[in-house]
Amino acid sequence: MAPATRRPLIRRAERVLALLALAIALYPLAGWIGSSLPAARRALPPASADAVEIMVERNPIHTGIVVPLVSDDMDWRPVFPASDLRDPDRPYTHLAIAWGERRLFLETPTWADLRFATVLNIVAGGGRGLLHVAHYVRPAPGEDMRPLRITRAQYRILVRHILAMRGEGGRKYPGYGNDDAFYDARGHYTLLRTCNTWTGKTLAAAGVPMGRWTPFAGGVMKWIDEPAPSPAPEPVAGSAVP
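Mapping of the sequence shown onto the numbering used here: position 90 corresponds to residue 93, and the numbering continues sequentially without gaps.
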């Protein structure tokens, strides 16, 4: 190829790389703006006696929705049975349900296992969806496990959206530990549709105030209030105060 012919190709490649670098640089800013624009504008109704308490959990980069294992409106045991776990006999009370990218979930138990091919697959929009379901025993509220009370009608909507993500084959895969498992799911993971945007859209569909586009965990959690700190126990009369 003649030098005069190569130069236009090189210039095009440089433009593409420059645009890609710009997109990567602007992605966090776009995520912050998108998560600040409200998707669900309705305020949550006052909690009633029959409200359902769910939780929204996070780690530094990932979020999930925690639901009671059994309630008047949904029994999750036939859908995600404890028999799928390595330790099925604990007295589980809740499920933590999250959607994410198949290879990232199955092949990356730690960030040290992350492969460039997996990242490239996600950037190219080829990441297949997978559900991660962890079973908990009485999870305690905290900064990274924030409770949220919603009506039973809202909870039924939430349930329908989660069930709609199950893959047709229903195939399951071993989890990371003794109390979790993975399941085939619908959808494809992309930079625009991340695990956290799934959490945000699922909550917003049920009427929970949430950002319009929440690609990062912080964009989800900033809409969920932290639980109030437990009051310090009052000193018992006659006891010594150190």
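From the three backbone atoms N, C-alpha and C, an ideal C-beta is built for every residue, glycine too.
CB of residue i within 8 Å of CB of residue j, strictly
{"i": "P63", "j": "A220", "result": "yes"}
{"i": "A214", "j": "D187", "result": "Here residue 214 turns out to be Gly, not Ala, going by the sequence shown. The answer is no: Cβ separation not under 8 Å."}
{"i": "T111", "j": "N199", "result": "no"}
{"i": "A184", "j": "L88", "result": "yes"}
{"i": "R159", "j": "E229", "result": "no"}
{"i": "R189", "j": "G132", "result": "yes"}
{"i": "M224", "j": "V55", "result": "no"}
{"i": "I100", "j": "I36", "result": "no"}
Sequence-distant residues of its chain with Cβ nearer than 7 Å to residue i (five each side left out)
{"i": "L72", "result": "W79, R80, Y95, T96, H97, L98"}
{"i": "S74", "result": "V55"}
{"i": "D53", "result": "R155"}
Residue i versus residue j - alpha carbon distance
{"i": "S86", "j": "K175", "result": "11 Å"}
{"i": "G178", "j": "F108", "result": "9 Å"}
{"i": "L32", "j": "G222", "result": "11 Å"}
{"i": "S38", "j": "L195", "result": "12 Å"}
{"i": "T197", "j": "I227", "result": "19 Å"}
{"i": "D76", "j": "Y139", "result": "19 Å"}
{"i": "L151", "j": "Q157", "result": "12 Å"}
{"i": "V82", "j": "T202", "result": "19 Å"}
{"i": "L29", "j": "A167", "result": "32 Å"}
Chain-order list of residues whose beta-carbon lies under 8 Å from that of residue i (same chain, five-residue window excluded)
{"i": "L161", "result": "I57, I68, V70, I153, T205, L206, A208, A209"}
{"i": "D92", "result": "A85"}
{"i": "G34", "result": "W216, T217, P218, F219, G222"}
{"i": "D182", "result": "L88, R89, D90, R93, Y95, A137, H138, Y139"}
{"i": "G172", "result": "D187"}
Chain-order list of residues whose beta-carbon lies under 6 Å from that of residue i (same chain, five-residue window excluded)
{"i": "P84", "result": "none"}
Heavy atom of the ligand NAP within 7 Å of residue i beta-carbon
{"i": "R169", "result": "Questions concerning the ligand NAP fall outside what the structure shown contains, since it holds no ligand whatsoever."}
* Asked: Below 8 Å, can you find three or more Cβ-Cβ pairs linking the stretch 102 to 111 to the stretch 144 to 151?
  -> no
* Any chance you could list the beta strand (DSSP E) runs of at least 3 consecutive residues sitting entirely within the stretch 56 to 85, in chain order? => 66 to 71
* Return the chain-ordered ranges of every beta strand (DSSP E) run that is complete within the stretch 161 to 233 and spans a minimum of 3 residues. => 175 to 177, 183 to 192
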